[in-house]
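Here the structure is laid out as structure tokens; the discussion comes afterwards.
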Amino acid sequence: MYTQAMDTKDGDDVKAVRSAEEMQLQQRFDARIDAGDFIEAKDWMPENYRKTLLRQISQHAHSEIVGMLPEGNWISRAPTLKRKTILLAKVQDEAGHGLYLYAAAETLGTSRDQMIDALHSGRAKYSSIFNYPTLTWADMGTIGWLVDGAAIMNQVPICRCSFAPYARAMIRICREESFHQRQGFEALLTMMRNGTDAQKAMVQDAVNRWWWPCLMMFGPPDDQSPNSAQSMRWGIKRVSNDELRQKFIDAAVEQAKVLGVTLPDPELRWNEEREHWDHGPIDWDEFKRVIAGDGPCNRERLSARVKAWEDGAWVREAALAHAGKQATAKEAA
Ligand code: FAQ
Numbered sequence: 166m167y168t169q170a171m172d173t174k175d176g177d178d179v180k181a182v183r184s185a186e187e188m189q190l191q192q193r194f195d196a197r198i199d200a201g202d203f204i205e206a207k208d209w210m211p212e213n214y215r216k217t218l219l220r221q222i223s224q225h226a227h228s229e230i231v232g233m234l235p236e237g238n239w240i241s242r243a244p245t246l247k248r249k250t251i252l253l254a255k256v257q258d259e260a261g262h263g264l265y266l267y268a269a270a271e272t273l274g275t276s277r278d279q280m281i282d283a284l285h286s287g288r289a290k291y292s293s294i295f296n297y298p299t300l301t302w303a304d305m306g307t308i309g310w311l312v313d314g315a316a317i318m319n320q321v322p323i324c325r326c327s328f329a330p331y332a333r334a335m336i337r338i339c340r341e342e343s344f345h346q347r348q349g350f351e352a353l354l355t356m357m358r359n360g361t362d363a364q365k366a367m368v369q370d371a372v373n374r375w376w377w378p379c380l381m382m383f384g385p386p387d388d389q390s391p392n393s394a395q396s397m398r399w400g401i402k403r404v405s406n407d408e409l410r411q412k413f414i415d416a417a418v419e420q421a422k423v424l425g426v427t428l429p430d431p432e433l434r435w436n437e438e439r440e441h442w443d444h445g446p447i448d449w450d451e452f453k454r455v456i457a458g459d460g461p462c463n464r465e466r467l468s469a470r471v472k473a474w475e476d477g478a479w480v481r482e483a484a485l486a487h488a489g490k491q492a493t494a495k496e497a498a
């Protein structure tokens, strides 16, 4: 006769077998990570590795999509046809990046609709940088130079992320971001070399406003970054938040000299011993406010995304109906 007790014992046996199997899988996974192997979506992975990747990749995808808004604001006001074409292409690239990244995240077992719902309901984050306004045309060049510059610095190491679909997406994204960064720098250089005094002042003002938020893009300092240690252990992050921030500052200081702009940090000083530029304190309270939803444009950005999603409902419905008809016609043929 089967009793509750017997069921429990059987259950315990099954659990013991399963956990021995899982331990083996875990050991194999750890060994692959230690050997620098790439993990594919179909491979076994610990649940927390999957969750961490989903969090980071979906937040990254959301950043690309929300990141279209500050620049989209200037497409209709670009000063020349050439600049308008470049900006249009750049904003379209960001949409493409968002789509590669959603596709990479979907391989982890969460649907795009679920990810988008998390963004629209405020449960998912996106980069703090896109909650700042774009006030003048110089903001377009500055976003290219500094925001894309920071994005590349952070994203190049992700091309070696242990999760292969993310790493593959990043290779293509980085190539495009590199073009974005150069076009931004070139746009600013044109204004600084050939522009009027008012245009030069406009560039300096944009750099003053974007510098500190760009430094926040790399995330909190290493000793206050709750996810870093585990993500580094898993090979999701290859270089720490602080190291990347420092590399970005070191590169930007030299580029600022070529442009002829000043970076708005009186404490920027070359440190012979460290062979890096020292910098002044970052306002982490501002960062916390922005990622908690209280930055200058958080509400505006989120409501623009929700509106675009709702306005596009008929397109999604029509595409699904069309795909359904095609499938039925194929079956009938
Ligand atoms: N903004 O423990 P950590 C772009 C959150 S793409 C908002 O250090 P982690 C292209 C973090 O999520 C820009 N939240 O976290 C473009 C975590 O919260 P959670 C996006 C931030 O993940 C250019 C908490 O703080 N790039 O710009 C930020 O190990 C121009 C604790 O932080 C990526 O997403 C922030 N800045 O390291 C488009 C790259 N920083 O999730 C248009 C991939 C931190 O626990 C125009 N992501 N947080 O609730 C990463 O490399 C990492 O996720 C970090 C954060 C480095 C961003």
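Numbered by our numbering, the letters in the sequence shown go through residues 166 to 498 in order.
For every residue, glycine included, the Cβ atom is placed at its ideal position computed from N, Cα and C.
Asked                                                                                                         : Found
Any non-hydrogen atom of the ligand FAQ within 7 Å of I323 CB                                                 : yes
Residues bridged to H441 [DSSP beta-bridge criterion]                                                         : N436
Simplified DSSP state of Q169, which is helix, strand or coil                                                 : Note on Q169: pLDDT 38, under 50, position unreliable in the model; the coordinate value appears next. Q169: helix per DSSP, three-state reduction.
Boundaries of the alpha helix (DSSP H) in which C339 is found, first to last residue                          : 329 to 359
Reference G274, options L219, S228, G314, closest by Cα                                                       : L219
Rounded separation between Q224 and A498 - CA only                                                            : 43 Å
P330 classed as buried or exposed, judged by whether at least 16 other C-beta atoms fall within 10 angstroms  : buried
With 16 other Cβ atoms within 10 Å as the buried cut-off, status of Q192                                      : exposed
Delimiting residues of the alpha helix (DSSP H) encompassing T307                                             : 303 to 307
Unbroken alpha helix (DSSP H) run spanning W449, endpoints                                                    : 449 to 454
Endpoints, alpha helix (DSSP H) assigned at G287                                                              : Neither: G287 is in no alpha helix (DSSP H) and is coded neither H nor E.
Inter-stretch contact (C-beta, 8 Å, three-pair minimum) for the segment 288 to 302 and the segment 471 to 481 : no
Cβ pair count under 8 Å reaching 3, the segment 192 to 204 against the segment 427 to 436                     : no
Assigned secondary structure, I323 (DSSP; H/G/I helix, E/B strand, else coil)                                 : helix
Assumed close pair C462, P298 - CB separation to whole angstroms, cut-off 8 Å                                 : 6 Å
T245 at chain C interface by Cβ criterion, 8 Å                                                                : Here there is only one protein chain, and chain C is not present.
Contact set for L311: own chain, Cβ-Cβ below 6 Å, skip 5 residues either direction                            : W375, C379
Inter-residue spacing [alpha-carbon to alpha-carbon] between D415 and W449                                    : 21 Å
Contact set for L252: own chain, Cβ-Cβ below 7 Å, skip 5 residues either direction                            : E236, W239, I240, A243, M305
Assumed close pair L409, N319 - CB separation to whole angstroms, cut-off 8 Å                                 : 5 Å
Inter-residue spacing [alpha-carbon to alpha-carbon] between G309 and M381                                    : 16 Å
Rounded distance between the beta-carbons of H262 and E212, thought under 8 Å                                 : E212 to H262, Cβ: 27 Å. No contact.
I401, DSSP secondary structure in three states                                                                : coil
From L424, N296, T493, H487, residue whose alpha carbon lies closest to that of E465                          : N296
Check whether Q348 and K249 have beta carbons under 8 Å apart                                                 : no
The segment 362 to 375 touching the segment 419 to 428, judged by at least three CB pairs closer than 8 Å     : yes
Option in L234, C324, G384 with minimal Cα separation from L300                                               : L234
Cβ neighbour criterion (16 or more within 10 Å) applied to S396                                               : buried
Euclidean distance between Cα positions of A170 and Q189                                                      : Because the pLDDT of A170 is 40, which lies under 50, any placement of that residue in the model is unreliable, and the number read from its coordinates should be weighed accordingly. Their Cα atoms are separated by approximately 29 Å.
Residues near A268 in its chain [Cβ-Cβ closer than 6 Å; skip 5 each side]                                     : none
Alpha-carbon to alpha-carbon, A185 and T173                                                                   : Here T173 scores only 45 on pLDDT, less than 50, and its place in the model should not be relied on; the value that follows carries that caveat. Near 18 Å, if we compare the C-alpha coordinates of A185 and T173.
Euclidean distance between Cα positions of R197 and A394                                                      : 18 Å
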